[in-house]
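Engineer: Here the sequence shown is numbered in numbering that gives the first Met the number 0, starting from 0 and rising by one per residue. For every residue, glycine included, the Cβ atom is placed at its ideal position computed from N, Cα and C. All values derive from a computational prediction rather than experimental measurement.
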Amino acid sequence: MDLTTNYLRSVDTIENIDIAILVNNIILDAVGQQSSDIHIEPWENTIAVRIRVSGILQELTHLPLELLDRITGRIKVMSDLVTYESELPQEGRAPASPEFGNVELRVSVFPTVRGEKVVVRLFDPRNRSFDLKTLGFESDTLEQFFKLIRRPSGLILLNGPTGSGKTTAIYSALCHLVETHGPTVSISTVEDPVEFNLPMISQSQISNSRG
């Protein structure tokens, strides 16, 4: 039985639920099942908590709707988001913590008619590789990509579904430029959000509150 279910069964009333423990258990269950992301979504009469395993969403648990604000508030605190903002989308991240098996959290909060929906992406830094040659590109495609990123100017669009490797490919391209040119090149990024800190690259994160 998962940690979340065990904890909920151990609590006699909703008022006695410790939100920090509940959220931690949800994350630990997701990490334990090697999930890529967690979806916490208000439905008509319940909060659906689902995790994505091998690309497929599956239910972890259902929670009372009255817990939604407390759950979203806790996750906002963890990811350094504005806790009192509930009408605008927000994105943030929580650094890797031994408490969660050194997994980094990327959080997206999106307002809906029933309340805020939260999606937590899980990243394991130990599995991180920013080498274009290891990403599964066909040799012809990889060679063409190398030619494109070596051009002095232009625009490259990378598109794909969640988890397809867009961010990894972009970061790998940046790392390739640094490895190729060393200190002779200056690279700056504008990201929403910054997912990984890269060496020798000036990364900036978009902030809606600051404009």
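At the level of alpha carbons, what is the spacing between Pro-110 and Gly-135?
Structural biologist: Position 111 of the sequence shown, counting from 1, holds the residue named residue 110. Position 136 of the sequence shown, counting from 1, holds the residue named residue 135. In a straight line, the C-alpha of Pro-110 is about 36 Å away from that of Gly-135.
Engineer: Leaving aside the five residues before and after Asn-101 along the sequence, list all residues of the same chain whose C-beta is less than 8 Å from its C-beta, in chain order.
Structural biologist: Locating residue 101 in the sequence shown gives position 102, where the first residue counts as 1. Excluding positions up to five away in sequence, the list reads Ala-95, Asp-123, Pro-124 and Arg-125.
Engineer: Between which two residues does the alpha helix (DSSP H) carrying Glu-178 extend?
Structural biologist: Looking up residue 178 in the sequence shown gives position 179. Its alpha helix (DSSP H) spans residues 165-180.
Engineer: I'd like to confirm the pairing. Which residues does DSSP put opposite Asp-36 in its beta bridges?
Structural biologist: Your numbering for residue 36 matches position 37 in the sequence shown. For Asp-36, which the question treats as bridged, DSSP gives the partners Arg-51 and Arg-120.
Engineer: Is DSSP giving Arg-105 helix, strand or coil here?
Structural biologist: Here residue 105 refers to the residue found at position 106 when the sequence shown is read from its first residue. Reduced to three states, the DSSP call for Arg-105 is strand.
Engineer: List the whole-angstrom C-beta distance separating Arg-113 from Pro-41, where the pair is believed to meet the contact cut-off of C-beta under 8 Å.
Structural biologist: As a working mapping, residue 113 is identified with position 114 in the sequence shown. As a working mapping, residue 41 is identified with position 42 in the sequence shown. The pair is a contact, with the Cβ atoms about 4 Å apart (cut-off 8 Å).
Engineer: Compute the Euclidean distance between the alpha carbons of Ile-155 and Ile-205, then round it to the nearest angstrom.
Structural biologist: Taking the sequence shown and counting its residues from 1, the one referred to as residue 155 is at position 156. Taking the sequence shown and counting its residues from 1, the one referred to as residue 205 is at position 206. Each residue's CA atom was taken as its position, placing Ile-155 and Ile-205 some 20 Å apart.
Engineer: Is it right to say Asp-139 is buried, meaning 16 or more other beta carbons lie within 10 angstroms of its own, or is it exposed?
Structural biologist: The residue given as residue 139 occupies position 140 in the sequence shown. Exposed is the call here.
Engineer: Is Val-22 helix, strand or coil by DSSP?
Structural biologist: Working through the sequence shown from its first residue, we reach residue 22 at position 23. Three-state DSSP puts Val-22 in a helix.
Engineer: Would you list the residues sitting across from Gln-89 in a DSSP beta bridge?
Structural biologist: As a first step, residue 89 is located in the sequence shown; it is residue number 90 there, counting from the start. For Gln-89, which the question treats as bridged, DSSP gives the partners Val-108.
Engineer: Measure the C-alpha to C-alpha separation of Arg-105 and Leu-141 and round it to an integer number of angstroms.
Structural biologist: Reading the sequence shown from its first residue, position 106 is the one you call residue 105. Reading the sequence shown from its first residue, position 142 is the one you call residue 141. C-alpha separation (whole angstroms): 28 Å.
Engineer: For Ile-20, which residues from the same chain have a beta carbon less than 7 Å from its beta carbon, with the 5 sequence-adjacent residues on both sides left out?
Structural biologist: If you number the sequence shown from 1, residue 20 lands on position 21. So the qualifying residues of the chain are Tyr-6.
Engineer: Do Val-10 and Gln-32 have their C-beta atoms within less than 8 Å of each other?
Structural biologist: Walking along the sequence shown from the start, residue 10 turns up at place 11. Walking along the sequence shown from the start, residue 32 turns up at place 33. Contact annotation: Val-10 and Gln-32 have beta-carbon atoms that are not nearer than 8 Å.
Engineer: DSSP three-state label for Glu-84, please.
Structural biologist: Counting from one through the sequence shown, the residue named residue 84 turns up at place 85. Coil, per DSSP.
Engineer: Along the chain, where does the beta strand (DSSP E) that runs through Ser-216 open and close?
Structural biologist: Residue numbering for the chain in the displayed model covers 0 to 210; residue 216 lies beyond these limits and cannot be assessed.
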